[in-house]
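Visitor: Before I ask anything, here is the structure I am working with.
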Amino acid sequence: MKIAVVGTGYVGLVSGACFAEMGNNVTCVDIDKKKIENLKNGVIPIYEPGLEDMVKKNAREGRLRFTTDLPSVMDGLEILFCAVGTPPAQDGSADLSYVMGMASEIGQCMTGYLLVVTKSTVPVGTSMKVKEAIRRELDKRGADIEFDVASNPEFLKEGNAVKDFMSPDRVVVGIESEKARKILTRLYKPFLINNFRVMFMDIASSEMTKYASNAMLATRISFMNDIANLSERVGADITQVRAGMGGDGRIGNKFLYAGIGYGGSCFPKDIRALIKTGEENGVEMTVLKAVEKVNDRQKSVLYNKFLKHYSGDIADKKVAVWGLAFKPETDDMRDAPSLDIINALLTSGCQITAYDPIAVKTSQKIFADKAITYAKDMYESVNGADVLMLLTEWKQFRMPDWNDIKKRMRTPYILDGRNIYEKDYLTSLGFCYEGIGR
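The opening residue of the sequence shown carries number 910 in the numbering used here; numbering runs sequentially from there.
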(Lines of atoms letter the chains of each structure in order from A and count residues from 1; the text may use other names and numbers.)
(Lines give C-alpha, C1' and ligand atoms only; values in the text may rest on other atoms or scores of the structure.)
Protein backbone atom coordinates (compact mmCIF):
# COMPACT_ATOMS: atom_id res chain seq x y z
CA MET A 1 0.00 0.00 0.00
CA LYS A 2 1.10 3.57 -0.64
CA ILE A 3 0.97 5.48 2.65
CA ALA A 4 1.89 8.96 3.83
CA VAL A 5 2.46 9.85 7.47
CA VAL A 6 2.35 13.57 8.19
CA GLY A 7 4.44 14.45 11.22
CA THR A 8 7.75 12.80 12.14
CA GLY A 9 7.52 13.07 15.89
CA TYR A 10 7.25 10.12 18.22
CA VAL A 11 4.00 8.71 16.83
CA GLY A 12 4.61 9.53 13.19
CA LEU A 13 8.13 8.17 12.90
CA VAL A 14 7.35 4.93 14.74
CA SER A 15 4.20 4.43 12.67
CA GLY A 16 5.92 5.15 9.37
CA ALA A 17 8.86 2.86 10.10
CA CYS A 18 6.62 0.00 11.23
CA PHE A 19 4.28 0.29 8.26
CA ALA A 20 7.34 0.19 5.98
CA GLU A 21 8.70 -2.83 7.86
CA MET A 22 5.57 -4.74 6.79
CA GLY A 23 6.30 -4.04 3.12
CA ASN A 24 4.32 -0.86 2.51
CA ASN A 25 5.58 2.11 0.50
CA VAL A 26 5.71 4.89 3.12
CA THR A 27 6.61 8.57 2.91
CA CYS A 28 6.98 10.57 6.11
CA VAL A 29 6.19 14.26 5.67
CA ASP A 30 7.18 17.13 7.94
CA ILE A 31 7.50 20.91 7.62
CA ASP A 32 10.78 20.86 9.58
CA LYS A 33 13.40 20.87 6.82
CA LYS A 34 16.31 20.18 9.15
CA LYS A 35 14.57 17.18 10.69
CA ILE A 36 13.78 15.75 7.25
CA GLU A 37 17.38 16.21 6.06
CA ASN A 38 18.63 14.52 9.22
CA LEU A 39 16.26 11.60 8.69
CA LYS A 40 17.45 11.24 5.11
CA ASN A 41 20.97 10.99 6.53
CA GLY A 42 19.98 8.44 9.14
CA VAL A 43 19.87 10.85 12.10
CA ILE A 44 16.92 9.95 14.33
CA PRO A 45 15.40 12.81 16.41
CA ILE A 46 14.18 10.64 19.29
CA TYR A 47 15.48 7.71 21.29
CA GLU A 48 13.38 4.57 21.10
CA PRO A 49 14.83 1.04 21.27
CA GLY A 50 14.90 -0.59 17.85
CA LEU A 51 13.65 2.45 15.95
CA GLU A 52 16.93 3.68 14.48
CA ASP A 53 17.79 0.31 12.97
CA MET A 54 14.29 -0.06 11.53
CA VAL A 55 14.32 3.42 9.99
CA LYS A 56 17.74 2.95 8.40
CA LYS A 57 16.91 -0.52 7.11
CA ASN A 58 13.65 0.48 5.41
CA ALA A 59 15.11 3.71 4.02
CA ARG A 60 18.02 1.72 2.58
CA GLU A 61 15.66 -0.79 1.00
CA GLY A 62 13.50 1.95 -0.53
CA ARG A 63 10.28 1.48 1.41
CA LEU A 64 10.66 4.54 3.66
CA ARG A 65 11.18 8.07 2.36
CA PHE A 66 11.17 11.55 3.86
CA THR A 67 10.02 14.85 2.38
CA THR A 68 8.70 18.31 3.22
CA ASP A 69 6.55 18.36 0.06
CA LEU A 70 3.11 16.84 0.71
CA PRO A 71 1.70 17.49 -2.80
CA SER A 72 4.53 15.42 -4.30
CA VAL A 73 3.30 12.23 -2.63
CA MET A 74 -0.42 12.57 -3.42
CA ASP A 75 -0.60 10.70 -6.73
CA GLY A 76 -1.71 7.14 -6.08
CA LEU A 77 -1.77 7.65 -2.31
CA GLU A 78 -4.22 5.32 -0.54
CA ILE A 79 -3.96 6.32 3.11
CA LEU A 80 -2.71 9.46 4.82
CA PHE A 81 -2.09 9.36 8.56
CA CYS A 82 -2.16 12.61 10.51
CA ALA A 83 0.45 12.35 13.27
CA VAL A 84 1.19 16.04 13.81
CA GLY A 85 1.54 17.49 17.28
CA THR A 86 -1.38 18.55 19.45
CA PRO A 87 0.41 20.47 22.21
CA PRO A 88 -1.57 21.77 25.18
CA ALA A 89 -2.89 25.30 24.81
CA GLN A 90 -2.75 27.82 27.64
CA ASP A 91 -6.17 26.75 28.93
CA GLY A 92 -5.30 23.03 28.89
CA SER A 93 -7.17 22.21 25.68
CA ALA A 94 -5.43 20.53 22.76
CA ASP A 95 -4.00 22.93 20.18
CA LEU A 96 -5.43 21.72 16.86
CA SER A 97 -3.78 24.32 14.62
CA TYR A 98 -1.33 21.80 13.12
CA VAL A 99 -4.09 19.25 12.54
CA MET A 100 -6.38 21.74 10.83
CA GLY A 101 -3.54 23.21 8.79
CA MET A 102 -2.73 19.73 7.52
CA ALA A 103 -6.41 19.10 6.68
CA SER A 104 -6.58 22.26 4.59
CA GLU A 105 -3.42 21.33 2.70
CA ILE A 106 -4.80 17.87 1.97
CA GLY A 107 -7.92 19.42 0.44
CA GLN A 108 -5.75 21.72 -1.66
CA CYS A 109 -3.57 19.02 -3.19
CA MET A 110 -5.32 15.62 -3.13
CA THR A 111 -5.75 14.12 -6.59
CA GLY A 112 -7.90 11.04 -6.07
CA TYR A 113 -9.71 8.99 -3.47
CA LEU A 114 -7.94 9.17 -0.12
CA LEU A 115 -8.53 7.76 3.34
CA VAL A 116 -7.43 10.38 5.88
CA VAL A 117 -6.75 8.83 9.28
CA THR A 118 -6.23 10.86 12.44
CA LYS A 119 -3.56 9.22 14.58
CA SER A 120 -2.73 12.25 16.69
CA THR A 121 -4.43 12.40 20.09
CA VAL A 122 -7.33 14.77 19.47
CA PRO A 123 -10.54 15.76 21.27
CA VAL A 124 -13.79 14.08 20.31
CA GLY A 125 -15.16 15.64 17.15
CA THR A 126 -11.80 16.54 15.61
CA SER A 127 -12.00 14.01 12.76
CA MET A 128 -15.28 15.60 11.66
CA LYS A 129 -13.59 19.01 11.71
CA VAL A 130 -10.84 17.55 9.54
CA LYS A 131 -13.49 16.26 7.14
CA GLU A 132 -15.13 19.68 6.94
CA ALA A 133 -11.81 21.44 6.33
CA ILE A 134 -10.91 19.06 3.48
CA ARG A 135 -14.36 19.47 1.94
CA ARG A 136 -14.10 23.28 2.07
CA GLU A 137 -10.82 23.24 0.17
CA LEU A 138 -12.18 20.81 -2.42
CA ASP A 139 -15.22 23.04 -2.92
CA LYS A 140 -12.93 26.02 -3.48
CA ARG A 141 -11.20 24.04 -6.21
CA GLY A 142 -14.48 22.83 -7.66
CA ALA A 143 -13.05 19.33 -7.29
CA ASP A 144 -15.47 16.42 -6.83
CA ILE A 145 -13.07 13.97 -5.22
CA GLU A 146 -14.23 11.19 -2.92
CA PHE A 147 -12.52 10.73 0.44
CA ASP A 148 -13.11 9.22 3.86
CA VAL A 149 -11.90 10.11 7.33
CA ALA A 150 -11.16 7.71 10.15
CA SER A 151 -9.70 7.76 13.65
CA ASN A 152 -6.91 5.37 14.67
CA PRO A 153 -5.45 6.52 18.01
CA GLU A 154 -2.08 5.17 19.08
CA PHE A 155 -1.47 3.27 22.31
CA LEU A 156 2.31 3.09 22.20
CA LYS A 157 4.38 2.93 25.37
CA GLU A 158 7.56 4.96 25.12
CA GLY A 159 10.49 2.60 25.48
CA ASN A 160 8.47 -0.24 23.97
CA ALA A 161 6.80 1.50 21.04
CA VAL A 162 8.20 -0.57 18.17
CA LYS A 163 7.18 -3.83 19.82
CA ASP A 164 3.76 -2.39 20.71
CA PHE A 165 3.17 -1.33 17.10
CA MET A 166 4.37 -4.56 15.52
CA SER A 167 2.41 -6.75 17.95
CA PRO A 168 -0.44 -4.68 19.41
CA ASP A 169 -2.79 -5.96 22.07
CA ARG A 170 -5.56 -4.26 20.10
CA VAL A 171 -6.02 -1.67 17.35
CA VAL A 172 -8.83 0.83 17.82
CA VAL A 173 -10.33 2.26 14.62
CA GLY A 174 -13.19 4.70 14.21
CA ILE A 175 -14.86 4.67 10.80
CA GLU A 176 -17.99 5.88 9.03
CA SER A 177 -17.83 3.88 5.78
CA GLU A 178 -17.45 0.27 4.71
CA LYS A 179 -14.74 1.30 2.27
CA ALA A 180 -12.61 2.68 5.09
CA ARG A 181 -13.15 -0.52 7.07
CA LYS A 182 -11.90 -2.68 4.21
CA ILE A 183 -8.82 -0.52 3.61
CA LEU A 184 -7.78 -0.51 7.27
CA THR A 185 -8.50 -4.22 7.61
CA ARG A 186 -6.12 -4.86 4.72
CA LEU A 187 -3.50 -2.60 6.31
CA TYR A 188 -3.58 -4.16 9.78
CA LYS A 189 -4.20 -7.80 8.88
CA PRO A 190 -0.44 -8.57 8.49
CA PHE A 191 0.23 -7.24 12.01
CA LEU A 192 -2.43 -9.48 13.53
CA ILE A 193 -2.42 -12.44 11.17
CA ASN A 194 -3.10 -15.08 13.84
CA ASN A 195 -5.46 -13.07 16.03
CA PHE A 196 -7.18 -10.13 14.34
CA ARG A 197 -7.71 -7.68 17.18
CA VAL A 198 -8.90 -4.59 15.30
CA MET A 199 -11.84 -3.00 17.13
CA PHE A 200 -14.02 -1.03 14.72
CA MET A 201 -16.37 1.56 16.17
CA ASP A 202 -17.79 4.97 15.37
CA ILE A 203 -15.29 7.83 15.12
CA ALA A 204 -16.37 9.72 18.25
CA SER A 205 -16.06 6.57 20.36
CA SER A 206 -12.61 5.91 18.94
CA GLU A 207 -11.43 9.40 19.83
CA MET A 208 -12.86 9.09 23.34
CA THR A 209 -11.30 5.64 23.84
CA LYS A 210 -7.81 7.13 23.60
CA TYR A 211 -8.45 9.75 26.27
CA ALA A 212 -10.42 7.39 28.50
CA SER A 213 -7.64 4.77 28.39
CA ASN A 214 -4.91 7.19 29.40
CA ALA A 215 -7.17 8.74 32.02
CA MET A 216 -7.81 5.33 33.61
CA LEU A 217 -4.10 4.52 33.79
CA ALA A 218 -3.31 7.93 35.28
CA THR A 219 -6.12 7.43 37.78
CA ARG A 220 -4.64 4.14 38.97
CA ILE A 221 -1.28 5.82 39.49
CA SER A 222 -2.70 8.71 41.50
CA PHE A 223 -4.92 6.37 43.50
CA MET A 224 -1.92 4.26 44.50
CA ASN A 225 0.06 7.35 45.42
CA ASP A 226 -2.77 8.50 47.68
CA ILE A 227 -2.92 5.06 49.32
CA ALA A 228 0.89 5.03 49.62
CA ASN A 229 0.96 8.31 51.50
CA LEU A 230 -1.70 7.05 53.89
CA SER A 231 0.06 3.69 54.29
CA GLU A 232 3.21 5.45 55.37
CA ARG A 233 1.33 7.36 58.06
CA VAL A 234 -0.43 4.30 59.50
CA GLY A 235 2.50 1.89 59.31
CA ALA A 236 1.54 -0.17 56.27
CA ASP A 237 3.86 -1.03 53.36
CA ILE A 238 2.49 -0.09 49.94
CA THR A 239 4.52 -2.82 48.22
CA GLN A 240 2.63 -5.43 50.25
CA VAL A 241 -0.68 -3.60 49.79
CA ARG A 242 -0.09 -3.60 46.04
CA ALA A 243 0.54 -7.33 46.00
CA GLY A 244 -2.65 -7.95 47.93
CA MET A 245 -4.69 -5.74 45.62
CA GLY A 246 -3.14 -7.09 42.43
CA GLY A 247 -4.07 -10.64 43.37
CA ASP A 248 -7.72 -9.72 42.80
CA GLY A 249 -8.55 -10.59 39.20
CA ARG A 250 -10.95 -7.67 39.02
CA ILE A 251 -8.11 -5.25 39.76
CA GLY A 252 -4.90 -6.82 38.41
CA ASN A 253 -1.42 -5.53 39.18
CA LYS A 254 -0.66 -3.21 36.27
CA PHE A 255 -0.19 0.51 36.97
CA LEU A 256 -0.50 -0.04 40.71
CA TYR A 257 2.99 1.21 41.51
CA ALA A 258 3.41 4.07 43.96
CA GLY A 259 6.08 6.63 43.15
CA ILE A 260 6.75 10.29 42.48
CA GLY A 261 3.96 10.85 39.96
CA TYR A 262 3.40 10.37 36.26
CA GLY A 263 4.86 12.50 33.49
CA GLY A 264 5.60 12.18 29.78
CA SER A 265 4.04 13.29 26.55
CA CYS A 266 0.59 11.72 27.03
CA PHE A 267 -0.88 11.46 30.52
CA PRO A 268 -0.47 15.09 31.70
CA LYS A 269 -1.74 16.75 28.53
CA ASP A 270 -4.48 14.20 27.90
CA ILE A 271 -5.87 14.58 31.42
CA ARG A 272 -5.92 18.36 31.02
CA ALA A 273 -7.52 18.12 27.59
CA LEU A 274 -10.24 15.75 28.82
CA ILE A 275 -11.01 18.03 31.76
CA LYS A 276 -11.27 20.94 29.31
CA THR A 277 -13.54 18.95 26.99
CA GLY A 278 -15.77 18.26 29.97
CA GLU A 279 -15.94 21.96 30.81
CA GLU A 280 -16.84 22.83 27.22
CA ASN A 281 -19.69 20.33 27.32
CA GLY A 282 -21.02 21.13 30.79
CA VAL A 283 -19.61 18.01 32.48
CA GLU A 284 -17.35 18.43 35.49
CA MET A 285 -14.63 15.76 35.43
CA THR A 286 -14.40 15.52 39.21
CA VAL A 287 -12.30 12.36 39.38
CA LEU A 288 -9.77 13.56 36.81
CA LYS A 289 -9.35 16.90 38.57
CA ALA A 290 -8.45 14.94 41.70
CA VAL A 291 -6.09 12.72 39.71
CA GLU A 292 -4.22 15.78 38.45
CA LYS A 293 -4.15 17.36 41.92
CA VAL A 294 -2.73 14.21 43.51
CA ASN A 295 -0.10 13.91 40.78
CA ASP A 296 1.04 17.50 41.16
CA ARG A 297 1.36 16.99 44.92
CA GLN A 298 3.20 13.68 44.55
CA LYS A 299 6.05 15.29 42.66
CA SER A 300 7.06 17.13 45.85
CA VAL A 301 6.99 14.10 48.18
CA LEU A 302 10.65 13.15 47.74
CA TYR A 303 11.84 16.74 48.17
CA ASN A 304 9.75 17.09 51.35
CA LYS A 305 11.27 13.89 52.79
CA PHE A 306 14.74 15.28 52.08
CA LEU A 307 13.82 18.60 53.69
CA LYS A 308 12.44 16.87 56.80
CA HIS A 309 15.46 14.57 57.13
CA TYR A 310 17.79 17.56 57.40
CA SER A 311 15.35 19.65 59.47
CA GLY A 312 15.05 22.18 56.66
CA ASP A 313 18.80 22.82 56.45
CA ILE A 314 19.56 21.65 52.90
CA ALA A 315 21.39 24.66 51.45
CA ASP A 316 24.65 23.50 49.88
CA LYS A 317 23.76 19.82 50.36
CA LYS A 318 25.12 17.63 47.59
CA VAL A 319 22.39 15.65 45.82
CA ALA A 320 23.04 12.75 43.48
CA VAL A 321 20.19 12.21 41.05
CA TRP A 322 19.76 8.88 39.25
CA GLY A 323 17.35 9.22 36.34
CA LEU A 324 16.02 12.27 34.51
CA ALA A 325 13.60 10.86 31.92
CA PHE A 326 9.99 10.41 32.98
CA LYS A 327 10.39 6.64 32.53
CA PRO A 328 13.10 4.17 31.46
CA GLU A 329 14.08 3.54 27.84
CA THR A 330 13.38 7.06 26.64
CA ASP A 331 15.01 10.49 26.60
CA ASP A 332 11.63 12.20 27.04
CA MET A 333 11.48 14.62 29.97
CA ARG A 334 8.15 16.26 29.20
CA ASP A 335 6.36 16.83 32.53
CA ALA A 336 8.85 14.47 34.19
CA PRO A 337 8.81 14.50 38.01
CA SER A 338 12.56 15.17 37.85
CA LEU A 339 11.83 18.69 36.59
CA ASP A 340 9.86 19.67 39.69
CA ILE A 341 12.30 17.97 42.05
CA ILE A 342 15.43 19.46 40.51
CA ASN A 343 13.93 22.95 40.39
CA ALA A 344 12.96 22.70 44.07
CA LEU A 345 16.47 21.54 44.99
CA LEU A 346 18.11 24.33 43.01
CA THR A 347 15.84 26.92 44.59
CA SER A 348 16.93 25.63 48.00
CA GLY A 349 20.60 26.05 47.12
CA CYS A 350 21.49 22.38 46.68
CA GLN A 351 24.34 21.16 44.51
CA ILE A 352 23.14 18.58 41.99
CA THR A 353 25.10 15.90 40.17
CA ALA A 354 22.85 13.94 37.82
CA TYR A 355 23.16 10.84 35.72
CA ASP A 356 20.79 9.28 33.19
CA PRO A 357 21.77 6.68 30.55
CA ILE A 358 19.98 8.53 27.73
CA ALA A 359 18.33 11.80 28.80
CA VAL A 360 21.37 13.93 29.72
CA LYS A 361 21.30 15.89 26.44
CA THR A 362 17.60 16.58 26.91
CA SER A 363 18.25 17.80 30.45
CA GLN A 364 21.12 20.01 29.33
CA LYS A 365 18.73 21.78 26.94
CA ILE A 366 16.01 22.19 29.56
CA PHE A 367 18.36 23.33 32.34
CA ALA A 368 20.75 25.20 30.06
CA ASP A 369 21.06 28.15 32.44
CA LYS A 370 21.14 26.08 35.65
CA ALA A 371 24.21 24.92 37.56
CA ILE A 372 23.81 21.16 37.28
CA THR A 373 26.76 18.78 37.02
CA TYR A 374 26.34 15.69 34.85
CA ALA A 375 28.33 12.62 35.81
CA LYS A 376 29.89 10.22 33.34
CA ASP A 377 28.36 7.26 35.17
CA MET A 378 26.10 6.42 38.11
CA TYR A 379 28.98 5.91 40.53
CA GLU A 380 30.70 9.21 39.82
CA SER A 381 27.43 11.00 40.56
CA VAL A 382 27.40 9.91 44.22
CA ASN A 383 30.88 11.16 45.10
CA GLY A 384 30.57 13.28 48.26
CA ALA A 385 26.75 13.19 48.12
CA ASP A 386 24.55 13.84 51.13
CA VAL A 387 21.69 11.95 49.50
CA LEU A 388 21.05 9.72 46.48
CA MET A 389 17.65 10.29 44.85
CA LEU A 390 16.39 7.55 42.52
CA LEU A 391 13.94 9.22 40.12
CA THR A 392 13.82 6.85 37.12
CA GLU A 393 13.94 3.06 37.45
CA TRP A 394 16.46 2.26 34.70
CA LYS A 395 17.53 -1.40 34.88
CA GLN A 396 21.18 -0.54 35.47
CA PHE A 397 20.19 1.21 38.72
CA ARG A 398 18.56 -1.90 40.18
CA MET A 399 21.61 -3.81 41.46
CA PRO A 400 24.47 -1.37 42.07
CA ASP A 401 27.56 -2.01 44.18
CA TRP A 402 26.22 -0.60 47.44
CA ASN A 403 29.50 -0.99 49.30
CA ASP A 404 31.23 1.16 46.69
CA ILE A 405 28.41 3.71 46.83
CA LYS A 406 28.55 3.93 50.61
CA LYS A 407 32.27 4.65 50.50
CA ARG A 408 31.74 7.41 47.94
CA MET A 409 28.86 9.19 49.70
CA ARG A 410 29.39 11.72 52.46
CA THR A 411 26.14 10.57 54.07
CA PRO A 412 24.68 7.11 53.25
CA TYR A 413 21.13 8.31 52.63
CA ILE A 414 18.86 6.89 49.91
CA LEU A 415 15.57 8.37 48.71
CA ASP A 416 13.98 5.75 46.48
CA GLY A 417 11.31 7.45 44.38
CA ARG A 418 10.33 4.22 42.62
CA ASN A 419 10.45 1.65 45.44
CA ILE A 420 12.90 -0.61 43.62
CA TYR A 421 15.23 -1.29 46.56
CA GLU A 422 14.87 -3.50 49.61
CA LYS A 423 14.74 -1.35 52.71
CA ASP A 424 15.93 -4.05 55.14
CA TYR A 425 18.94 -4.91 52.99
CA LEU A 426 20.09 -1.31 52.62
CA THR A 427 19.53 -0.66 56.31
CA SER A 428 21.71 -3.68 57.14
CA LEU A 429 24.50 -2.11 55.08
CA GLY A 430 24.29 1.08 57.12
CA PHE A 431 22.16 3.22 54.78
CA CYS A 432 19.29 5.42 55.86
CA TYR A 433 16.54 4.46 53.41
CA GLU A 434 13.22 6.11 52.57
CA GLY A 435 10.84 5.03 49.85
CA ILE A 436 7.26 5.94 48.96
CA GLY A 437 4.53 4.62 51.26
CA ARG A 438 6.82 2.30 53.16
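Even for Gly, the Cβ is constructed at its ideal location relative to N, Cα and C.
Looking at the structure shown, is A1052 part of a helix, part of a strand, or coil, going by DSSP?
Guide: Indexing the sequence shown from 1 puts residue 1052 at position 143. Coil at A1052, not helix or strand.
Visitor: Can you give me the C-alpha to C-alpha distance between I1180 and V1200, rounded to a whole angstrom?
Guide: For the purposes of this step, residue 1180 is taken as the residue at position 271 of the sequence shown. For the purposes of this step, residue 1200 is taken as the residue at position 291 of the sequence shown. The alpha-carbon atoms of I1180 and V1200 are separated by roughly 8 Å.
Visitor: Could you tell me the boundaries of the beta strand (DSSP E) in which D1278 lies?
Guide: In the sequence shown, residue 1278 corresponds to position 369, counting from 1. D1278 -> no beta strand (DSSP E), and no H or E assigned at all.
Visitor: Can you tell me the Cα-Cα spacing of N1162 and L989, whole angstroms?
Guide: In the sequence shown, residue 1162 corresponds to position 253, counting from 1. In the sequence shown, residue 989 corresponds to position 80, counting from 1. If I take the Cα positions, the gap works out to 38 Å.
Visitor: Three-state secondary structure (DSSP) at I1169?
Guide: Taking the sequence shown and counting its residues from 1, one reaches residue 1169 at position 260. Looking at I1169 - three-state DSSP - the assignment turns out to be coil, as it is neither helix nor strand.
Visitor: Just reading off the beta strand (DSSP E) that Y1288 is part of, what are its end residues?
Guide: Sequence index remark: in the sequence shown, residue 1288 carries index 379 (1-based). Careful: Y1288 lies outside any beta strand (DSSP E) and carries neither H nor E.
Visitor: I'd like to confirm the pairing. Which residues does DSSP put opposite S1060 in its beta bridges?
Guide: One-based indexing of the sequence shown puts residue 1060 at position 151. S1060 pairs with T1027 and G1083.
Visitor: Name the DSSP bridge partner or partners of F975?
Guide: Within the sequence shown, residue 975 is the residue found at index 66, counting from 1. Beta-bridge pairing links F975 to C937.
Visitor: Apart from the five residues on each side of it in sequence, which residues of its chain come closer than 6 Å, Cβ to Cβ, to P1177?
Guide: Walking along the sequence shown from the start, residue 1177 turns up at place 268. D1244, listed in sequence order.
Visitor: Y1322 and D1286 look like a contact to me (Cβ under 8 Å); what is the Cβ gap, rounded to whole Å?
Guide: As a working mapping, residue 1322 is identified with position 413 in the sequence shown. As a working mapping, residue 1286 is identified with position 377 in the sequence shown. Incorrect: roughly 20 Å between the Cβ atoms, too far for contact.
Visitor: Would you mind stating whether M963 and E930 have Cβ atoms separated by less than 8 Å?
Guide: Here residue 963 is taken as the residue at index 54 of the sequence shown, counted from 1. Here residue 930 is taken as the residue at index 21 of the sequence shown, counted from 1. In contact: M963 and E930 (Cβ atoms closer than 8 Å).
Visitor: Secondary structure at Q1305, three-state DSSP: helix, strand or coil?
Guide: Numbered from its first residue, the sequence shown carries residue 1305 at position 396. It is helical.
Visitor: Would A1284 pass as a contact of T1262 if the rule is Cβ separation under 8 Å?
Guide: Here residue 1284 refers to the residue found at position 375 of the sequence shown. Here residue 1262 refers to the residue found at position 353 of the sequence shown. Yes. Within cutoff.
Visitor: So what does L1299 bridge to, in DSSP terms?
Guide: Against the sequence shown, residue 1299 aligns to sequence position 390. Per DSSP, W1231 and D1325.
Visitor: Can the beta-carbon of D1325 be found less than 8 Å from the beta-carbon of G1344?
Guide: Here the question's residue 1325 lines up with position 416 in the sequence shown. Here the question's residue 1344 lines up with position 435 in the sequence shown. In this structure, G1344 lies closer than 8 Å to D1325 by Cβ.
Visitor: Can you give me the Cβ contacts of V1351 inside the same chain, cut-off strictly under 7 Å, excluding the 5 residues immediately before and after it?
Guide: This structure does not reach residue 1351, given that the chain is present from 910 up to 1347, and the question cannot be answered.
Visitor: Leaving out five residues before and five after S1011 in sequence, what residues of the same chain have Cβ atoms less than 7 Å from its Cβ?
Guide: Translated into the one-based positions of the sequence shown, residue 1011 becomes position 102. One point to set straight first is that residue 1011 is Met, not Ser, in the sequence displayed. If we look at M1011 and ignore the five residues flanking it on each side, its Cβ neighbours are V915, C991 and V993.
Visitor: Tell me, which residues are paired with L989 by DSSP?
Guide: Position 80 of the sequence shown holds residue 989. DSSP lists A913 and V1025 as partners of L989.
Visitor: Just checking my contact of R1044 with G1016 at CB under 8 Å: how many whole Å lie between their CB atoms?
Guide: Residue numbering aside, residue 1044 sits at position 135 when the sequence shown is read from its first letter. Residue numbering aside, residue 1016 sits at position 107 when the sequence shown is read from its first letter. The Cβ separation is near 7 Å, so the contact holds.
Visitor: What three-state label does DSSP hand F1215 in the structure shown?
Guide: Position 306 of the sequence shown holds residue 1215. If DSSP states are grouped into helix, strand and coil, F1215 belongs with the helices.
Visitor: Quick one: complete beta strand (DSSP E) runs, 3+ long, within the stretch 1063–1142?
Guide: Listed in chain order, the complete beta strand (DSSP E) runs (minimum 3 residues) inside the stretch 1063–1142 are 1080–1083 and 1107–1110.
Visitor: Would you mind stating whether G1352 and L1165 have Cβ atoms separated by less than 8 Å?
Guide: Since the displayed the chain opens at 910 and closes at 1347, residue 1352 lies outside it and no answer follows.
Visitor: Thinking just about the alpha-carbon of each residue, which of F1132, I1160 and F1340 is nearest to the one in N1204?
Guide: Mapped onto the sequence shown, residue 1204 falls at position 295. Answer by Cα proximity: F1132.
Visitor: What three-state label does DSSP hand A998 in the structure shown?
Guide: Residue mapping note: residue 998 aligns to position 89 of the sequence shown, counting from 1. Coil.
Visitor: Taking DSSP's pairing of strands, which residues face Q1017 in a bridge?
Guide: In the sequence shown, residue 1017 corresponds to position 108, counting from 1. Note: Q1017 sits in no beta bridge, so no partner.
Visitor: Among residues of its own chain, excluding the 5 on either side of I1267, which ones have a beta-carbon nearer than 6 Å to its beta-carbon?
Guide: In the sequence shown, the residue the question calls residue 1267 occupies position 358. Once the five neighbours on either side are set aside, the close Cβ partners of I1267 are Y956 and D1240.
Visitor: Between the C-alpha atoms of V1230 and D1222, what's the straight-line distance to the nearest angstrom?
Guide: As a position in the sequence shown, residue 1230 is number 321, starting the count at 1. As a position in the sequence shown, residue 1222 is number 313, starting the count at 1. Cα to Cα, V1230 sits roughly 19 Å from D1222.
Visitor: Considering only C-alpha positions, which residue in the set D1249, F1235, M1194 and A1224 is nearest to K1208?
Guide: Along the sequence shown, read from residue 1 onward, the residue named residue 1208 stands at position 299. Of the candidates D1249, F1235, M1194 and A1224, the one whose C-alpha sits nearest the C-alpha of K1208 is D1249.
Visitor: Count Cβ pairs between the stretch 1081–1088 and the stretch 1111–1121 that sit closer than 8 Å; are there 3 or more?
Guide: Yes, the stretch 1081–1088 is in contact with the stretch 1111–1121.
Visitor: Relative to the C-alpha of L1299, which residue among A1234, G1293, H1218 and Q1149 is closest?
Guide: Translated into the one-based positions of the sequence shown, residue 1299 becomes position 390. For L1299, the nearest C-alpha among the options comes from A1234.
Visitor: Could you compute how far the alpha carbon of P954 sits from the alpha carbon of L948?
Guide: The count along the sequence shown starts at 1 and reaches residue 954 at position 45. The count along the sequence shown starts at 1 and reaches residue 948 at position 39. Looking at the two C-alpha atoms, the distance is approximately 8 Å.
Visitor: By the 10 Å Cβ neighbour count, where 16 or more other Cβ atoms means buried, how is C1259 classified, buried or exposed?
Guide: Here residue 1259 corresponds to residue number 350 of the sequence shown, with the count starting at 1. The residue is buried, with at least 16 neighbouring Cβ atoms inside 10 Å.
Visitor: Could you check which residue in A1167, R1151 and G1168 has the C-alpha nearest to that of I1160?
Guide: Here residue 1160 refers to the residue found at position 251 of the sequence shown. Here the closest residue by C-alpha is R1151.
Visitor: Looking only at DSSP bridge pairs, what is E961 linked to?
Guide: Sequence index remark: in the sequence shown, residue 961 carries index 52 (1-based). Note: E961 sits in no beta bridge, so no partner.
Visitor: Provide the residue(s) that pair with C1175 in DSSP beta bridges, ordered along the chain.
Guide: The count along the sequence shown starts at 1 and reaches residue 1175 at position 266. Answer by DSSP bridge pairing: none, since C1175 is not bridged.
Visitor: So does L1005 have its beta carbon nearer than 7 Å to some heavy atom of the ligand HEM?
Guide: No copy of the ligand HEM occurs in the structure displayed, which carries no ligand at all.
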